[in-house]
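Number of protein chains: 2
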Amino acid sequence: MTDTASLEQRIGHCFRNPSLLEQALTHSSRLQDNPDAADNQRLEFLGDAVLGLVLAEALYSAFPDEREGYLARARSVLAKGEFLAQLARELELPSHILMSDAERAQEGHLRDAALEDSLEALIGAIYLDTDYPTTRDCLLGWFGDIPARLQRRLTQDNPKGRLQEWSQANGMAQPDYTIVDEAGPGHAKEFHAEVAIAGVPQGAGMGTSKKEAEEAAARVAITKLGV
Amino acid sequence: MTDTASLEQRIGHCFRNPSLLEQALTHSSRLQDNPDAADNQRLEFLGDAVLGLVLAEALYSAFPDEREGYLARARSVLAKGEFLAQLARELELPSHILMSDAERAQEGHLRDAALEDSLEALIGAIYLDTDYPTTRDCLLGWFGDIPARLQRRLTQDNPKGRLQEWSQANGMAQPDYTIVDEAGPGHAKEFHAEVAIAGVPQGAGMGTSKKEAEEAAARVAITKLGV
Chain A
1 MTDTASLEQR IGHCFRNPSL LEQALTHSSR LQDNPDAADN QRLEFLGDAV
51 LGLVLAEALY SAFPDEREGY LARARSVLAK GEFLAQLARE LELPSHILMS
101 DAERAQEGHL RDAALEDSLE ALIGAIYLDT DYPTTRDCLL GWFGDIPARL
151 QRRLTQDNPK GRLQEWSQAN GMAQPDYTIV DEAGPGHAKE FHAEVAIAGV
201 PQGAGMGTSK KEAEEAAARV AITKLGV
Chain B
1 MTDTASLEQR IGHCFRNPSL LEQALTHSSR LQDNPDAADN QRLEFLGDAV
51 LGLVLAEALY SAFPDEREGY LARARSVLAK GEFLAQLARE LELPSHILMS
101 DAERAQEGHL RDAALEDSLE ALIGAIYLDT DYPTTRDCLL GWFGDIPARL
151 QRRLTQDNPK GRLQEWSQAN GMAQPDYTIV DEAGPGHAKE FHAEVAIAGV
201 PQGAGMGTSK KEAEEAAARV AITKLGV
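Protein sequence lines correspond, in order, to chains A and B.
Take 1 as the starting number for the first sequence in UniProt numbering and just add one per residue.
Take 1 as the starting number for the second sequence in UniProt numbering and just add one per residue.
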């Protein structure tokens, strides 16, 4: 199987017009080496809107009892750049991105911004190659079960909030965070945090900021306590 | 013809499921008088996303040579609340909005926010009642010619910028604005502005701020000069 065929298999769509796929994967830096190429920015604009509708519709159906505010927050979580970049990695897009040699040498194809743009452009390309229902089915295949995906994201996104809600709901004391260690030079500090509930340690974690370290500790506690 | 039938004629869609139309027109204040009614907030969430895709797609096709930045700005102009409220008025929605007696007594059905919400909810309702292509055709009927609509909006939106571009393009001096009068008490000031090009007065206008007065003057000049 060629590279393109295996990519199309992962995406779940075989392009009738392969130049759309190529354009979707073309980072603007490629125009430096290849002035005639069309980059993926216009397709990204279109794909962003397709994604917006697919998510809105899926959330509208999946949560019939939720108000607009919840649906809007849920959509913003699932449309976040960092999450779309993760989705692009799941589809193994990075190795297919076409960019200038200079940009690739700097690992530009691994950056969130480039991955997010390519993913949205890919959505735009599939839409132009097919129609709305086909594109929607294809995207929903990438996302999998939307409520489950959302739940995982919310947990990953705000572990401290989630741990606090859980301890409150169970009549326990608020989680208490301590930075127990701080190491490394100023520009590359590493923080170690611990979280305890009612004096009992529940998790420890580290990160490049206090917040990151505390969130890492909260994630450990969430797993340990079966939140 | 009933009220509903004439509304459907203006909208360009006859609902298979009339309860969707009713829900789209139901302002949240109606729940005070009618606790069992469903308001239009969820439909508005959905309709906003449908509108986003319809506009993105229309702009993508209408401006094949424009970059993403232009398309995004154009879309934000056409999706602005104040503009959607104007569209709602063109469709004569205000008299059909269902709200509490108290809210209606305060003319809530004439407010931009209520009109924008109803219009977006109406789009969501048409989408649920039909499919994407039908909804798109219906919306494009409301908007009319998209580039022409956009041009009119841009002129209305930024008359000073437009007048300046025009005078530059015609090798003339920059428009020069003067506040010639300022009247009324502090909380209800009224400003009078004049615009001149190369010393020749081209328009005068008034407003509740200097900016508003200058924009009004620029609009007069735009009409006078045939910009």
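For glycine and all other residues, C-beta sits at the position ideal for the given N, C-alpha and C.
- The C-alpha of residue 116 of chain A is placed about 27 Å away from the C-alpha of residue 161 of chain A.
- The beta carbon of residue 7 of chain A lies closer than 6 Å to those of 96 in the same chain, with the five residues before and after it left out.
- Using beta-carbon distances, residue 49 of chain B counts as an interface residue toward chain A, with a partner under 8 Å.
- Under the DSSP assignment, residue 105 of chain B falls in the alpha helix (DSSP H) whose first and last residues are 101-105.
- Residue 143 of chain B is outside the set of residues whose beta carbon lies under 8 Å from a beta carbon in chain A.
- Residue pairing by DSSP places residue 182 of chain A opposite A:191 in a beta bridge.
- Interface with chain A (8 Å Cβ-Cβ cutoff): residue 52 of chain B is included.
- Rounded to the nearest angstrom, the gap between the Cα atoms of residue 17 of chain A and residue 130 of chain A is 10 Å.
- In this structure, the straight-line span from the alpha carbon of residue 34 of chain A to that of residue 22 of chain A is close to 13 Å.
- Inclusion of residue 153 of chain B and residue 77 of chain B in the CB contact set at 8 Å is warranted, their separation being smaller than that value.
- Residue 66 of chain B is positioned such that its CB atom lies no closer than 8 Å to that of residue 10 of chain B.
- Nearest Cα to residue 163 of chain B within the set B:88, B:68, B:221, B:25: B:221.
- Within its own chain, the residues whose Cβ lies closer than 6 Å to the Cβ of residue 143 of chain B, once the five positions on either side in sequence are excluded, are 149, listed in chain order.
- With a cutoff of 8 Å on beta-carbon distance, residue 72 of chain A and residue 45 of chain B are scored as near each other.
- Contact annotation for residue 67 of chain A against chain B: 41, 42 [CB-CB distance below 8 Å, chain order].
- For the stretch 121-143 of chain A, the beta-carbon criterion of a distance under 7 Å to any beta-carbon of chain B is satisfied by 132.
- Per DSSP, the continuous alpha helix (DSSP H) segment holding residue 220 of chain A begins and ends at 210-225.
- The alpha-carbon separation between residue 183 of chain B and residue 190 of chain B amounts to approximately 5 Å.
- Proximity of residue 45 of chain B to chain A, defined by a Cβ-Cβ separation below 8 Å, is satisfied.
- Your pair residue 120 of chain A and residue 48 of chain A checks out as a contact, with CB atoms roughly 5 Å apart and the cut at 8 Å.
- Interface annotation, residue 71 of chain B: in contact with chain A, CB-CB separation under 8 Å.
- Interface residue (Cβ-Cβ distance to chain A less than 8 Å): residue 60 of chain B is classified as such.
- Chain A has no Cβ within less than 8 Å of the Cβ of residue 22 of chain B.
- Looking at the backbone, the Cα of residue 202 of chain B and that of residue 159 of chain B are separated by about 13 Å.
- In this structure, the alpha-carbon of residue 172 of chain A lies about 24 Å from that of residue 192 of chain A.
- Against chain A, the beta carbon of residue 37 of chain B has no neighbour under 7 Å; the closest one sits roughly 15 Å away.
- When the alpha-carbon of residue 205 of chain B is set against those of B:57, B:179, B:43, the nearest one is in B:179.
- Ranked by Cα distance from residue 29 of chain B, the first of B:88, B:138, B:3, B:101 is B:101.
- The C-beta separation of residue 124 of chain A from residue 24 of chain A comes to about 7 Å, placing the pair in contact by the 8 Å criterion.
- Using a Cβ distance threshold of 8 Å, residue 200 of chain A and residue 135 of chain A do not count as a contacting pair.
- The beta carbons of residue 81 of chain A and residue 112 of chain A sit closer together than 8 Å.
- The three-state reading of DSSP puts residue 97 of chain B in coil, since its state is none of H, G, I, E or B.
- Around the beta carbon of residue 175 of chain B, 16 or more other beta carbons sit within 10 angstroms, so the residue counts as buried.
- Residue-level contact check: residue 56 of chain A touches chain B, since one or more beta carbons of chain B fall below 8 Å from its beta carbon.
- In the displayed model, residue 199 of chain A falls within coil according to three-state DSSP, outside both helix and strand.
- Pairing residue 128 of chain A with residue 54 of chain A gives a Cβ-Cβ distance that is not under 8 Å.
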